[in-house]
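Okay, so here's the structure we're looking at.
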Amino acid sequence: MATNDGSAVRVDVWLWAARIFKTRSQSAEAVRAGHVKLNDQATKPAAQVVPGDRLRVWKDHRYLEFEVTGTSKKRVGAPVARTLYIDKSPPPPPRDIFASLPVRERGAGRPTKKDRRALDRLRGRD
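Below, the structure written as structure tokens:
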């Protein structure tokens with residue numbers, strides 16, 4: 196059950212309980228890998244989270260930012276999990292940016308020298 200009494204919870208447990216990560220081991224691994232910042236500081240999985248803390252999480256190739264409003268030691272349902280934080284993440288990039296990138300068909304073989312030079316120009320490796 197979600198508690199708002201200010202009780203401290205491990206950061207990896209909170210990320211799992213708030214449904215940011217699917218499993219507790221995934222949340223602990225993300226923290227160990229440095230993908231989670233607690234109040235703009237690198238942290239360890241056992242660090243304590245209390246309401247008012249800010250978390251910055253690198254997940255799915257973008258940053259997610261949360262302000263902790265409640266804590267829970269158990270995984271809760273999605274509607275309750277959304278009450279544990281305020282999502283302050285920037286909006287995801289528009290999908291049309293990725294649509295403009297050239298795509299090589301699967302099985303097209305190695306790129307020709309001309310194709311490779313075009314890819315290098317696109318990547319800024321003139």
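Read in the working numbering, the sequence shown has 252 at position 57, and its numbers run on one by one without any break.
Backbone N, C-alpha and C fix where the C-beta goes; we use that ideal spot for every residue, glycine too.
DSSP puts residue 261 in a beta bridge; with which residues?
250 and 282
In the DSSP output, what is residue 245 paired with across the bridge?
Paired residue(s): none; residue 245 is not in a bridge.
Which residue marks the beginning of the alpha helix (DSSP H) containing residue 309, and which one marks its end?
308-318
Do you know whose CA, among 263, 270 and 273, lies nearest residue 282's CA?
Residue 263 holds the alpha-carbon nearest to the alpha-carbon of residue 282 among 263, 270 and 273.
Just the C-alpha distance for residue 227 and residue 220, rounded to the nearest angstrom, thanks.
Approximately 10 Å between the Cα atoms of the pair.
On the DSSP letters alone, give me the boundaries of the beta strand (DSSP E) that residue 231 sits inside.
231-233
Buried versus exposed call for residue 299 [16 or more other C-beta atoms within 10 Å across all chains shown]
exposed
Measure from the C-beta of residue 204 to each C-beta in chain B and report whether the shortest distance is under 7 Å.
The structure shown contains no chain B; it is built from a single protein chain.
Expected contact under 8 Å - CB spacing of residue 265 and residue 279 to nearest Å:
4 Å
Within a Cβ cutoff of 8 Å, which residues of the same chain sit near residue 258, ignoring the five residues on either side of it in sequence?
251, 252, 284 and 285
Checking 7 Å against the spacing of the C-beta atoms, do residue 225 and residue 231 come in under that value?
yes
By Cβ distance below 7 Å, which residues in the same chain neighbour residue 239 in space, the five residues on each side in sequence not counted?
226.
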